[in-house]
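Under full-length UniProt numbering, the first residue of the sequence shown carries the number 1, and numbering increases by one thereafter.
Beneath this line is the structure, given in structure tokens, with notes to follow.
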Amino acid sequence: MYQEKTDKNGNWVDDGIFDFAAWICYIAKNDLERKAIQLKDTKARVERIYISSSGDISLVRLMKLREENIPYKAKENTAAEDIPLEPDEYIGEDMYILYDVNNSIAMVQSNRFSLGTARFTEFLIKSQEKEDERVVMNPITNAINLKKFSKNIYRNIELRFANINNAYNDKTALADIMSPFKKLDGVSGTISISVGRAKENSLDAREVEDIIKEIKDNSNVIGAKVKVKDDDDSHVEIIDLFEDIMCDIISFKIPERRTLDFETAKQRIVSVVFSLAMYMQASMSALVLRAIYISWLFFTVLFIAATYRSMTNMIKLVFSKDDDLINDEAKDVKKTEIDEETIKKYS
């Protein structure tokens, strides 16, 4: 998750990684647990918070406070009745958010009538009474395999946008598609482009492939599907460009006439995230080892091709440049360590 703010021209600009730990501390110090927060079209509140003893893992249970589309209460052989609610009572619909501070990863579990990710990010801002800021969540995806799309007939492409960045003004096919949404001050939308019923026609292959390449590097696109054919006689195949979003399935056995209790959800969700973190750390370790090996080969070649002195100068130059980059990046990363009092309160 990262945050954005508006500049003097009203455009959204990157403001670094969202400090989830600081948000937890804000909720704790201002006693906002179970306090209703007004969102755009509903209310929600923090129902429960859990923090691991190390402060690295936080689990938040958010409750949407629903007061419309209320279900009935039905008794056998008796007419269904409304469920009476007091003025300060609501139907609660929960969602769980687990955040890994070390890896800046959030895992979200939402239900049919609960808050979605868009309302969750809105809640993070509104609960702190902030303006002109927003939080953006990007799914963890594997790289799009462009080889799937070589020499195909493109029948349809469908794109879903969210958090459209007003500063995105590149002269590209994807930017041209997003332009009407921005002119209408829209922040999300769906567009579908197809050749209709003409079975032998195809969308412009070069433009479609350019859009597919852009999608990899554009956080505004949250969903994309392409209908393709290998040739005129083959069946149409639907390829979901985001089908490799990293996800997992957790099964819960919920007793009849009961809800999923917080402790049960906490134990299962935390165990899944620890497994995910170990997988990512193993993947990163493999990348680091590969980078070290490549660097070793590079400097070995330099040693053979140049004198020791010139090689030393080049090594100093390379490492000083990397150090500068690391320091510059560190300035943009805001991290708060959760204080012991807050950990004790929620552990």
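Glycine residues also receive a C-beta, built at the ideal position from the N, C-alpha and C atoms.
All values reported here derive from a predicted model rather than from experimental measurement.
- Exclusion of the five residues before and after Ala-22 leaves Thr-336 as the residues of its chain whose Cβ lies within less than 6 Å of its Cβ.
- Going by DSSP, Glu-93 is part of the beta strand (DSSP E) stretching over 91-100.
- Only exposed fits Asn-69, as fewer than 16 other CB atoms lie within 10 angstroms of its CB.
- Using a Cβ-Cβ distance cut-off of 8 Å, the region 41-61 and the region 339-347 are in contact, since at least three pairs of beta carbons, one from each stretch, lie closer than that value.
- In this structure the region 55-63 touches the region 36-47; the number of beta carbon pairs closer than 8 Å is three or more.
- Fewer than three Cβ pairs drawn from the region 73-81 and the region 90-110 lie within less than 8 Å of each other, which leaves the two stretches out of contact.
- Annotation for Ile-239: the continuous beta strand (DSSP E) segment containing it runs 237-240.
- Residues of the same chain with a CB within less than 6 Å of the CB of Val-226, apart from the 5 flanking positions on each side, are Ile-157, Ile-239 in chain order.
- DSSP links Gly-189 through a beta bridge to Phe-161.
- Beta-bridge annotation (DSSP): Tyr-154 is paired with Val-228.
- In the DSSP secondary-structure assignment, Thr-6 is bridged to Trp-12.
- For Ile-250, same chain residues with a beta-carbon under 7 Å away, outside a window of 5 residues either side, are Arg-268, Ile-269, Val-272 in chain order.
- Membership of Ile-27 in the alpha helix (DSSP H) is indicated by the continuous run 20-29.
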